[in-house]
Each structure stands twice: as C-alpha cells, then as structure tokens.
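Residue numbers (this note's numbering), protein chains in the order written: chain R, 4 to 573; chain D, 736 to 848.
Here is the structure we will look at.
This is the structure:
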C-alpha cells in the first residue's frame, strides 16, 4: 500500500507499489459511489418483495389471485373468451393505435386480463379488464393505492442514479474503476494465498485489512462478473461507434437501430384496411410451436392488411433453473395469411450469437435464472461487495490514524476530516436513507400528489442530512449518532408497519407471505447488526493496542487542534 | 429434491472443502494442534479431501440445475463456504472444524443416497 512520504506517487517504486498507489486512490475516490451502487443493487435483487411490502393495498388482491389458481380449470376453457373480450375492448376503445397487446391470462389460464397499447403520444398505456365479464375495471372503483416506485427505486438508482443517461455514464465509469481496483488489488495483495482464510480480530488496522481482503478475495468471481456484466449490458451506450457507423447518431437513427435490433422484419403499413382476425387459432398454433402457455399476444398495425400477430409464452419457473438466457418463446404470424414469419424457442434470441451473448450477460447480471437460492447467493455476495468498498474506505483512514502522510500538502488534515465525514455519510448515511425510504412509504399521505417523487425526495434528503451531520459532528460522534439512527429506524420498521397498516410480522409468517416477512426480518437483522456495531464502538479500549475506531478519535483530536490553528473547520 | 435441499448440500460440501484446504495450511493447522508445521501426509490428505469436496459441490448443483446454470452457482457456493470458513476459524477453530467435518459428511452421504 502507499509507502512512506518520499515514495508516494503514481510512477514511484516497484510495479507492485505503483499498483498499490493505483488501488488506494482509484479505490478511495470511487468507493463511496460504488458502495452506494452495490448496496442498492444488492437490495434490487429483491425488487419484487420490496415492491410487495411497499404496496400493502395489493395484498388482498394478490391473495385472492393465489387462491383462484385452484379454480384454473374453469378459467382454462375461457381463454378464447378472454381473447375475444380483450380484442373487443381494443376495437371499441383504441381502433387507431399502432400496437395492441393482450395479456389474456397467467400460465395456469387464470388470473388477470390486461391490455396495453401505444397511445397518441407514443406512450405505453394499460387497462385491466374483469376476467368474468370482460368489462374494463374502472380505476376509480379500485381501492386507492399508494403511488410508489417500490423496489424499482433501488434498481434505477443502482444503474442510473435516477439521472437517466448521465447517471448511466457515471455508474459505467465507476464500474470500470472497480475493475481497475480489483485487478490492482489482486496484484497489491502479496499474500493472497497465504492469507486466504485469515481473519485476525481485535488487531486494529490488521483486522480491517483482513476483512477487506477476505470479503474481496473470497467473492472475487462474483465481483468481477457483476462489474463486467454491468458494463456490458449497456455496451450500446458506452461503445456507440459501431451503431453510429451503420445507423448514424441522430435520435431517429438510434430509434431505427432499436427497431432493427428488437423488431427485425417489421413490415410497413400497407394502407389497406383489414379487420383483425379471431386470435384463438393463432394463439393455439403459437402455444404448440413454442411449447409454452400464452403470456401475451402482440398485434402490430391492427386494422391494416400488413398486420402481424406475435404470440409470446410464459417461462415456467423450472425453465430458468436450466438456462441462463431468460427469453421466453415467441411465434410471429402474418395476420392476413396466417403464415409463420418468425419462431423463437424459449431461451433463444433473434439475431445470432451476439444477441444470445447479450441475453446471457443480462441474465447473469440480473439473476433471472436459478431461482430463489441463486438470488440469495447474489444478495450475500453483493453484501460482501458492499463490505469490500466500506472496509476499503475505512481502512484508508485507519492507516492514517494520527499520522499525516501529507498527500494533500498543508490541507491534508482538512481533507482527512472531509474523507472521514463522507465515509460516515456514505456507509451509514446511505443505510439510513434506504430504510427512511421505506418509512416514507408508510408515513406520507396516500392522497399526496406525485407521492412517489416525495418518497424519493425523502431518500435523498436523509442522505444529504447525513452528510451535513457528519461534517458538523466529530467523526466518532458522527459514527455513533448515525449508527443509532440506523438501528432505531430498522428495528422500529415492523412497528411502524403495524401502526400504519395493521399488518405485522407474525401475521405475514402465518399467512406464508414470505416477501413481506423477508423485508421486515432483514430490516431487523440490519438493526441488530447496527446495535452490535454500537456496542463494539463503545467497548473499553486497550491502551497499547490501537483499535480501528480510535483512529477517528485520534484524528478528530488532531483535526481539532489543527483547525483551531487554521480556523477552517469546526 | 428441492432447490433448497440441493443448496444446503452444496453449502455443506463447500464449507467442508474450504475448511479442509484451510487446515492444510500451517497457520490454521496450528489453531487446532500446537505445532509449527502440518505433517506432510496430513497436508496432502487434507488438500485432496478439500479438492474432492469442492468438486463434489457440482453433484447437487447439476442435479437441480443444468450444467451451465450450476457453473455460476458452484462459484457462488464456493464463495459462501469460504466466507463461512474464515468466520468460523476466527470464532473458534476447534468447534468450527468439527462442525464443518460433520456437515461435509452429511452433505456427502445425502448426495450419494
């Protein structure tokens, strides 16, 4: 790692020292952002359970649906009726739309009947039809549901920071920096095999280094995979040259690239009108060809003679235990002649090896395969990755306990103080923001307009407050205060849920609602861990052996003395 | 065989394998027996045992998932087993070594059943 003051610098010393320099600085400046990306990305593994917990008004509906699976036989005979109802609704309500999409039933032939279309503004629009009568379910009749981003907040934040393309680029660059830090870290780690299973507790800096090494080295395959696939998923954004050469770089060109990629062979409108034929025969042929029950029927240019009908299948859960590519089957027919135009078997792609690779890379990153055990593996490895960033950032400061390395000249102690504050806000503050997001979901009034934006606002406000707090408090107090806040918010989350919705953990467990129970159990686990961390920070400290947290104290004392001299930071 | 049963078997085998590999190293062997070095025969035996147990993680994985999917899973289970080993050896080497041996045995037997 960074050597004595004289040897400090990028090009100084041996190859390994140069790599250590790279690892230290590349790691430090990106660790906070990467930690945020990793922690939210880890939570995003369980996007659906989090969304489920955040939409308690849906629980009754979902339970009713789960019960109706038993009566699937009765529903099965009505697939043709469901198709007719969907088609009739679209003909009546949206005759001019460019695309109709019917989701007639779930994989068992029961469940909801939904329809989607592109509205006049080119936006995706949806409606739910009553599967017993075919009439549209009036949104006003449905119980008022809280508007929320749900678990998708964590998905969006971890790859776009809620900032669209700009955020995607920032995260992409950070992911690249992570690959650099991983490679340079492996080179720097001289005793990678000798220390493979080593963790020496109660040894101060040594313990932090052991922990940093253990969580990183032991989950290295996962860390490489997740960073690499994370970049590769968005390769068309990060490496646009190929697309620009063939299609150009205007917005129109990008759109035509998307069409060529996702909808190859899409016909032009013919201008001749032709009513949409009865869908059932297409659906039955499609189901037989792909060997899956129908999930969606997509009609391009309905009402035109060039219309085509795509039948998409449901993947069974078992299918995704067998393959990495998560695509479902698809059969595309000409509406006029009934001729089969395209066939994609489950797991296949349109467009050759490149597309298949892309599909597998996407599956690898998003854990679409392998079922729940795999999601847990991703979750634990993701937490290990977050711990890698956090311990790295803490280690940076622990190493500089009480002794300047003078990297920033005369303002070194000020910069150290800032880094310590950012450490607190990035590591514990983000935890507070995440659980605060769940609190906001229960506390904000349901009628609030733009409610989901307010939830997001609470997330960012809490995070900013955490940073301000960490800048104003001395580092040891900042760690303690924020850890206390995290513990309280996490441990009281089930209580808040009970007071606001009347649901509680015991009921979830009795009903077998593992998604809601999982969210609250994990929250309690984090709360308990935060309490343990608090006790650990308050433990009596031996005089000679320096403990990691002491650094904060030493440093704050040093900084205080220093700032008293300079009068720059209080 | 459910996915969870296979996962438990894979985890047990992985923990056993990683613990055997760890105990083949002087530092961790010394945590059990106050000696400076692992006797050569023990070292070899522990390494072979560890390697075999880690390879055996494939068995439950392939049984419940396909060859491609289980490649990803096996890497994950190795990581998890190694993390557990580090934590366990640091907590109490002796107790953990016994627990890992029992788990590896149960995992192996239930796989061959």
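For each residue, glycine too, the CB sits at the ideal point set by N, CA and C.
According to DSSP, is residue i helix, strand or coil?
i, result
"residue 75 of chain R", "Caution applies to residue 75 of chain R, whose pLDDT of 49 falls short of 50 and renders its modelled position unreliable; the value that the coordinates give is listed next. Helix, per DSSP."
"residue 397 of chain R", "helix"
"residue 60 of chain R", "helix"
"residue 271 of chain R", "coil"
"residue 317 of chain R", "coil"
"residue 764 of chain D", "helix"
"residue 242 of chain R", "coil"
"residue 333 of chain R", "strand"
"residue 120 of chain R", "strand"
"residue 276 of chain R", "strand"
"residue 178 of chain R", "helix"
"residue 541 of chain R", "helix"
"residue 87 of chain R", "helix"
"residue 339 of chain R", "coil"
"residue 127 of chain R", "strand"
"residue 195 of chain R", "coil"
"residue 847 of chain D", "helix"
"residue 302 of chain R", "strand"
"residue 327 of chain R", "coil"
For residue i and chain R, any beta-carbon pair shorter than 9 Å?
i, result
"residue 800 of chain D", "yes"
"residue 822 of chain D", "yes"
"residue 815 of chain D", "yes"
"residue 841 of chain D", "no"
"residue 748 of chain D", "no"
"residue 757 of chain D", "yes"
"residue 760 of chain D", "yes"
"residue 810 of chain D", "yes"
"residue 838 of chain D", "no"
"residue 767 of chain D", "no"
"residue 742 of chain D", "yes"
"residue 825 of chain D", "yes"
"residue 848 of chain D", "no"
Would you please state the rounded distance, in angstroms, between the beta carbons of residue i and residue j? I believe it to be under 8 Å.
i, j, result
"residue 397 of chain R", "residue 517 of chain R", "Incorrect: roughly 34 Å between the Cβ atoms, too far for contact."
"residue 225 of chain R", "residue 384 of chain R", "4 Å"
"residue 839 of chain D", "residue 751 of chain D", "2 Å"
"residue 34 of chain R", "residue 283 of chain R", "Contact doesn't hold; Cβ gap of about 57 Å is too wide."
"residue 492 of chain R", "residue 438 of chain R", "5 Å"
"residue 508 of chain R", "residue 520 of chain R", "6 Å"
"residue 803 of chain D", "residue 456 of chain R", "About 42 Å; that fails the 8 Å criterion."
"residue 154 of chain R", "residue 51 of chain R", "6 Å"
"residue 757 of chain D", "residue 200 of chain R", "4 Å"
"residue 434 of chain R", "residue 529 of chain R", "7 Å"
Kindly indicate if chain D contains any beta-carbon less than 9 Å away from that of residue i.
i, result
"residue 453 of chain R", "no"
"residue 265 of chain R", "no"
"residue 558 of chain R", "The predicted model places residue 558 of chain R with a pLDDT of 40, which falls under 50 and marks its position as unreliable, so this point remains unresolved."
"residue 324 of chain R", "yes"
"residue 377 of chain R", "yes"
"residue 327 of chain R", "yes"
"residue 225 of chain R", "yes"
"residue 45 of chain R", "no"
"residue 222 of chain R", "yes"
Near residue i, what residues of its chain come up, given a Cβ to Cβ distance below 7 Å and the 5 sequence neighbours on each side ignored?
i, result
"residue 115 of chain R", "131, 134"
"residue 850 of chain D", "The requested residue 850 of chain D does not occur in the structure, where chain D is confined to residues 736 to 848."
"residue 845 of chain D", "744"
"residue 836 of chain D", "751"
"residue 239 of chain R", "246"
"residue 17 of chain R", "none"
"residue 85 of chain R", "107, 108, 116, 134"
Using C-beta distances below 8 Å, list every residue in its chain close to residue i, excluding the 5 sequence neighbours before and after it, in chain order.
i, result
"residue 828 of chain D", "763, 766, 767"
"residue 371 of chain R", "323, 329, 365"
"residue 352 of chain R", "328, 330, 358, 359, 361, 362"
What does a CB cutoff of less than 6 Å around residue i pick up in its chain, not counting 5 residues either side in sequence?
i, result
"residue 308 of chain R", "273, 275, 277, 339"
"residue 181 of chain R", "37, 230"
"residue 219 of chain R", "391"
"residue 486 of chain R", "431, 533, 536, 537"
"residue 466 of chain R", "432, 436"
Cβ of residue i versus every heavy atom of the ligand MG: is any distance shorter than 8 Å?
i, result
"residue 816 of chain D", "No copy of the ligand MG appears in this structure; indeed no ligand is present at all."
Residues in the region 777-807 of chain D having any Cβ partner in chain R nearer than 8 Å: 799, 800, 801, 803, 804, 807
Positions along the region 186-220 of chain R whose CB lies within less than 8 Å of some CB in chain D: 197, 199, 200, 201, 202, 203, 204, 217, 218
Selection of the region 380-405 of chain R by Cβ proximity to chain D, strictly under 9 Å: 380, 381, 383, 384, 387
Interface positions of the region 360-376 of chain R facing chain D (Cβ-Cβ less than 8 Å), listed along the chain: 367, 372, 373, 374, 375, 376
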